[in-house]
Every structure is written in C-alpha cells, then in structure tokens.
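Protein sequences, first through last, are from chains F and X.
Using the working numbering, the first residue of the first sequence is number 1, and each one after it goes up by one.
Using the working numbering, the first residue of the second sequence is number 1, and each one after it goes up by one.
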Amino acid sequence: MTPAGSGWTGWLEATAAATAMRQSLWLYPIVEILHIIGFVVLVGSAAMFDLRLLGLSRQLPVTGMERHLLTWARASVLLIVPTGGLMFIAHANEFAGNPAFRLKLLFLVLAALNAALFHLRPFRQVAGWDQGTRAPLAARVAACLSLVLWTGVIACGRLLAYF
Amino acid sequence: MPMRTALAVALLVFTAGVAPVAAHHGWSGYDSTKELTLTGTIKESGYEHPHGHVRLEVPGKIWLVVLAPPTRMESRGLSASKLRIGNKATVVGYPHRSNEEEMRAERITVDGATVELR
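In structure tokens form, the structure reads like this:
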C-alpha cells in the first residue's frame, strides 16, 4: 500500500531503501527469498538441536551439535535481520500497527531470552550429560519452549499478510 | 521473566495501540459474494510491492483498488504507464469486508486491454 505513516514510521518509509523496496521490480521478492533462506537455517538448526535435547539421537554429543548447528544459526541472523529490516521499512507504519507483527517480535524476544538462559544455566554443566544420557529437565524445557516459540515466530510472520 | 509478567507483557504488546490500519493481502479479507464492476478515472496509482493499487474515482466515490504485485502486472502486460493518472479504467473485484472504500480487483481493463490480476 501507499505509505501513509507519519513520525518515525513515515520517516523510515521515505528513505531511499524503503522506496527501492516498494518500487524496484525484483528487489522485494529477492529480499523475501533471502529472509526465508536465513530463517530456514536458523529455525532448522534450532529445531534439530532441540530434538537432541529432548532425547533423540542420544549417541551424538550435545557439544558437537551445539558447535555445528548453533554456529550456523548465529550466522543466519546476519541474513535474516537486514532482510527483515528492509521489508519492515517498506511499510513501517502498517507493520508497526499489525498485531501479528507485534506478536512476532514478542516471540522473537522470548526465543532469544530462552536461548540465552539455556546457555547460562543448563548448558554450563553439559559435560555431565553430553552423550548417551538424558538431558536435565531445564534443558528439555528450554528445548520445548524453543520449538513452540520459533513455530510462533514463523506463524506470525506468515500471518502478517492476513491482518 | 516470571510467567505472569511475560503474559502481561504479551497481552499489552498484542493489544496496545493497534492502529486502525487494515492490512489487506490475502483474498479472504474481501467478500467474493459481492462482485463489483467499477468504471472511473485513475486519481492516484502505486506500482509498488507487495501489491500495486489505484485510487479510482467513480461518480460519488473514490475507491482504493488493490491490484497485484508489480512483477505479475509487468509480466502480464500491465505496465506502470497504463496506470497513469487521468486514464480511464474498469475493474472487476470484491469489496473489503470492513473497509468500505477498498476493493481488490480480479481483473482490470485499461487502454482497451483486460489483464487478469489473480
């Protein structure tokens, strides 16, 4: 839609990058594709790690999976955030008032907090449950929360277009 | 963060100041049982992502007509120049369920050519 925003959202919509996002024929779909590739890596890695915490493939060391998967998950943020930002500024006013967008941001913050808490607490003692055994309850709870929150982020992201 | 605080924050963020900006992307927001055919003059147009639009002046009203993504319009021969201000257009489409100024066009006829938009 035509930008109608005032204030900070209107300012964002008037930037050259936002205008290019709306008016250039292929930029918007290219940015969408890169955003999707990014979050497929992020959520895919997180989900595979979560399933390991929940007890699948216990013969694989948690530390090894963390090093491999979560390195990619962190790197993917470099693709996801700039592309998401570009889509946001193209229609900042509309997104800022969109309930699905607000809920998506909330889920994102909670997912990040959950990941940070996991690394600060149960993962510190990973040596004791690295391989062949059950992960502690706190780790399994974090894994469940992660699966639920990331599913919520994706659902809200898709539902943005329907609210 | 304790669960109760988290829920309170969730509720607040979810409901606080939800601007009355109806977004309108899927077809489900439009009432397909009420097909409209409008002929008028283009007062404004946007050849923009994610959907192009025109403001179409018909007797007594200016409609916001939501079109298709620019890439689709371009590939079907509806170039930006055809949506120029002052040009005549006929659109067939459906009214928005809650915003009575807005409709989504199934097809548009402009400069003698009809282009399907879905």
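We put the beta carbon where it would ideally sit given N, CA and C, even for glycine.
Inclusion of residue 98 of chain X and residue 29 of chain X in the CB contact set at 9 Å is warranted, their separation being smaller than that value. Taking every protein chain shown into account, the CB of residue 95 of chain X has 16 or more other CB atoms within 10 angstroms, so this residue is buried.
Contact with chain F is found for residue 70 of chain X, since one of that chain's Cβ atoms lies less than 9 Å from the residue's Cβ. Restricting attention to F:67, F:52, F:42 and F:159, the CA atom closest to the CA of residue 78 of chain F is found in F:42. In the DSSP assignment, residue 107 of chain X falls within the beta strand (DSSP E) that extends over 102 to 110. A straight-line Cα-Cα distance of about 28 Å links residue 89 of chain X and residue 27 of chain F. For a cut-off of 8 Å, the C-beta gap from residue 80 of chain X to residue 92 of chain X is around 21 Å, too long to register as a contact.
From the beta-carbon of residue 29 of chain F, the residues of chain X found nearer than 7 Å are 71. Membership of residue 116 of chain X in the beta strand (DSSP E) is indicated by the continuous run 113 to 116.
Taking all protein chains in view, the Cβ of residue 92 of chain F is crowded by 16 or more other Cβ atoms within 10 Å, so the residue is classified as buried. Separation of the CB atoms of residue 54 of chain X and residue 83 of chain X is rounded to 6 Å, and the pair is thereby assigned contact status at 8 Å.
Residues of the region 42 to 59 of chain X with a C-beta atom less than 8 Å from some C-beta of chain F are 44, 46, 47, 48, 49, 50, 51 and 53, listed in chain order. Within chain F, not a single residue places a beta-carbon under 9 Å from that of residue 93 of chain X; the smallest gap is close to 16 Å.
Leaving aside the five residues that flank residue 48 of chain X on each side, the residues in its chain whose CB is nearer than 7 Å to its CB run, in chain order, 70.
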